[in-house]
Amino acid sequence: APGALGWKVWGFCPSLSWCAAMGELSEEVKDLNNSLAFSVLDDLLKDGAITKAEVGDYKTKYGKLHEFVLQTYTNKQNYLARVKQLNHRLMSEKIRLEKASQESLEDQKCIQQLSDQVNEIQSRQEVLQDQDTLQQIQLSEFEHERRDKQAFLEERESVRAADALPKIQRAKDEIEVLQKEIEVLKQQKDASQEQLGEYDLKCNDLDREIDANHAMHASHELEYNKIKADPGRVRKQGEKFETAVENLREQQSIRFAEIAAAQQNVKDMGQEQREAEDRREEKHMRVKLMAKTSEHTDKSRDDVKQKLEREKSAYYDLVQKRVSLDQELDELNAESRGALAEFSLLQKHFEKQKRQHRKTHTSIDSVKESLEPLEKNKRE
141 APGALGWKVW
151 GFCPSLSWCA
161 AMGELSEEVK
171 DLNNSLAFSV
181 LDDLLKDGAI
191 TKAEVGDYKT
201 KYGKLHEFVL
211 QTYTNKQNYL
221 ARVKQLNHRL
231 MSEKIRLEKA
241 SQESLEDQKC
251 IQQLSDQVNE
261 IQSRQEVLQD
271 QDTLQQIQLS
281 EFEHERRDKQ
291 AFLEERESVR
301 AADALPKIQR
311 AKDEIEVLQK
321 EIEVLKQQKD
331 ASQEQLGEYD
341 LKCNDLDREI
351 DANHAMHASH
361 ELEYNKIKAD
371 PGRVRKQGEK
381 FETAVENLRE
391 QQSIRFAEIA
401 AAQQNVKDMG
411 QEQREAEDRR
421 EEKHMRVKLM
431 AKTSEHTDKS
441 RDDVKQKLER
451 EKSAYYDLVQ
461 KRVSLDQELD
471 ELNAESRGAL
481 AEFSLLQKHF
491 EKQKRQHRKT
501 HTSIDSVKES
511 LEPLEKNKRE
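Counting in our numbering, the sequence shown runs from 141 upward without gaps.
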C-alpha cells in the first residue's frame with residue numbers, strides 16, 4: 141500500500157534517527173536530494189513499482205515530514221538550552237537565596253543582639269535614673285538638713301554669744317576690779333609690812349629699853365641694899381626710885397599700849413589681808429569658772445564648727461558624686477543614642493534585606509511558575 145510504502149521510506153532514513161540520537165545535524169542530512177529515502181523512491185520508480193506522480197507525492201510528504209522533524213529537533217535543542225539556562229539561573233537563585241537566608245539569619249541575630257544591648261542599656265539607664273532620682277532626693281534632704289542645722293547652729297551660737305557677752309563683760313569688769321583691789325591690797329600689804337618692820341624695830345627698842353631698865357633696876361637694887369641701913373637716905377633714894385619707877389611704869393604702860401595697839405593693828409591688817417586673800421581666791425575661782433565656761437563654750441563652738449565642716453565636706457562629696465553620675469549618665473545617653481542610631485541603621489538594612497528577600501522569593505516563584513510549562517514542554 142502507498143501508506144505502508146511511505147512508512148517504509150521513513151524507516152529507510154537512518155541518518156535522521158541517528159542524527160536525532162546524536163544531537164547534531166549535518167548538511168547532508170538537511171539536504172533532501174542526498175537523502176536515502178529519495179534514492180529508494182528513485183530506485184522504485186526505475187523498477188516501475190510506483191508511478192512518477194506517487195514519487196512526487198511521496199517526496200512532497202517526505203519533505204514536509206523532514207521539515208517538521210528538523211523544526212522539532214531545533215525546538216528541542218532550543219528548549220534544552222533554555223532549560224539548562226533556567227537550571228543555571230535556578231541554581232544561582234537558590235545560592236543567592238541561601239546566602240540571603242544566611243545573611244537574614246545573621247542580621248536577625250545581630251538585630252537580636254542589638255535589641256538585647258538596647259534593652260540592657262535602657263534598663264541600666266532606668267536604674268541610673270532611679271539612682272539619680274534617689275540621690276537628688278537625698279541631696280535635697282541633706283541640703284535641707286544642712287540649712288536647718290546651719291540656721292540652728294547660727295541661732296544657737298548667737299544666743300550663746302548673747303548670753304556669754306554680758307557674763308564675759310561682767311567677768312572682765314570683776315577681773316579689772318579684782319586686779320585694782322589686788323594692787324591696792326599689795327600696796328596695803330607693803331605698807332603693813334613696812335609698819336610691821338617699824339613695829340618690830342620699836343619692839344626691839346622696847347626690849348632693849350626693858351633690858352636696860354632691868355639692869356638699872358638691878359643696880360638700884362644693889363644701891364638699895366647698900367643704903368637700906370640709912371633710913372633717911374633710904375627714904376630719899378626710895379622717893380627718887382619711886383619717881384623713876386613711876387616714870388618707868390608710865391613709859392612701860394605707854395609702850396605696852398603702843399605694843400597692844402601695834403599688835404591689834406597687825407591683827408586687823410592680817411584679818412583684812414586674809415579677807416582680801418579670800419575675796420581674791422573667791423574672785424579667782426569665779427574667774428576660773430568663767431574661763432572654764434568660756435572654754436566649754438569655745439569647745440562647743442569648735443565641735444559645732446567641726447560638725448558643720450563635716451557636713452560641708454559630705455555635701456561637697458555628694459555634689460562631686462552627683463557631677464560624676466551626671467557625666468556617666470551623659471555618656472550612657474550618648475552610648476544609647478549611638479546604639480539607637482546603629483539599631484536604626486541595622487533595622488533599615490534589615491528592611492532592605494527583607495525587601496530584597498521578598499523580591500528574590502518573587503523571582504523564585506516566577507521562575508518556578510515558568511519552569512512548570514518548560515518541564516511540560518520538555519516532557520512533550
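Quick reminder that beta carbons are idealized off the backbone N, C-alpha and C, glycines included.
{"Asked": "Member of Gln257, Phe208, Asp183, Leu185 whose CA lies at the smallest distance from the CA of Arg477", "Found": "Gln257"}
{"Asked": "Backbone CA spacing between Arg389 and Glu422 [nearest angstrom]", "Found": "47 Å"}
{"Asked": "Proximal residues to Cys250 (C-beta, below 8 Å), its chain only, five neighbours per side dropped", "Found": "Leu486"}
{"Asked": "Selection from Lys234, Lys204, Leu293 that minimises the alpha carbon distance to Gln446", "Found": "Leu293"}
{"Asked": "Three-state class that DSSP yields for Glu520 in the structure shown", "Found": "coil"}
{"Asked": "As assigned by DSSP and simplified to three states, the class of Thr191", "Found": "coil"}
{"Asked": "Ser175 in three-state terms, based on DSSP", "Found": "coil"}
{"Asked": "The region 402-418 / the region 331-345 touching (three or more Cβ pairs under 8 Å)", "Found": "yes"}
{"Asked": "Whether Leu230 touches Val507 by CB criterion (9 Å)", "Found": "yes"}
{"Asked": "Euclidean distance between Cα positions of Arg395 and Leu346", "Found": "7 Å"}
{"Asked": "Cβ-based neighbour list, Val427, same chain, cut-off 8 Å, excluding 5 preceding and 5 following", "Found": "Ala311, Glu314, Ile315, Leu318"}
{"Asked": "Cβ neighbours of Asp272 in the same chain (closer than 7 Å, five flanking residues each side left out)", "Found": "Leu465, Leu469"}
{"Asked": "beta-carbon Ala291 near the ligand NAP non-hydrogen atom, thresh 8 Å", "Found": "With respect to the ligand NAP, the structure shown offers nothing to examine, as it has no ligands at all."}
{"Asked": "Lys376 versus Ser359 - alpha carbon distance", "Found": "16 Å"}
{"Asked": "Beta-carbon proximity check, Lys199 vs Leu176, cutoff 9 Å", "Found": "no"}
{"Asked": "With 16 other Cβ atoms within 10 Å as the buried cut-off, status of His206", "Found": "buried"}
{"Asked": "Beta carbon of Glu417 nearer than 9 Å to that of Gln328", "Found": "no"}
{"Asked": "Test item: CB-CB of Leu448 and Leu279 under 9 Å", "Found": "no"}
{"Asked": "Cβ neighbour criterion (16 or more within 10 Å) applied to Phe178", "Found": "buried"}
{"Asked": "Outcome for Tyr456 when other beta-carbon atoms lying within 10 angstroms are tallied against a minimum of 16", "Found": "exposed"}
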